[in-house]
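Notes follow once the structure below has been shown.
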Amino acid sequence: MSIYRHLGVWKHGDVTVVRFGEHRILDELAVKKIGDELNGVADRADCRNLVLNFASVVGLSSLMLG
Numbered sequence: 327m328s329i330y331r332h333l334g335v336w337k338h339g340d341v342t343v344v345r346f347g348e349h350r351i352l353d354e355l356a357v358k359k360i361g362d363e364l365n366g367v368a369d370r371a372d373c374r375n376l377v378l379n380f381a382s383v384v385g386l387s388s389l390m391l392g
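As structure tokens, then:
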């Protein structure tokens, strides 16, 4: 797996699991950086099934949903 700064990414069988490294994703710059990394994960050839684990996130901007 590639190294990501704002995400934890691992494979579990044929599923790619993403854990968010930030507890609060509130400002536009953080959303942009995380979104870019998340798009990079989704674009990988070996990413057919993607699970987003928000368990460690306590605050989330509605920008992140976009």
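Basically this note's numbering = 1-based index in the sequence shown + 326. Here a beta-carbon is modelled for each residue, glycine too, at the ideal position from N, C-alpha and C.
The C-beta separation of leucine 333 from leucine 355 comes to about 16 Å, leaving the pair out of contact by the 8 Å criterion. Between the beta-carbon of leucine 391 and that of isoleucine 351 there is about 10 Å, and that puts the pair past the 8 Å contact cut.
When DSSP states are grouped into helix, strand and coil, isoleucine 329 belongs to the coil group. In the structure shown, glycine 366 adopts helical secondary structure according to DSSP, grouped into three states.
Ranked by Cα distance from arginine 345, the first of Ser382, Leu389, Lys359 is Ser382.
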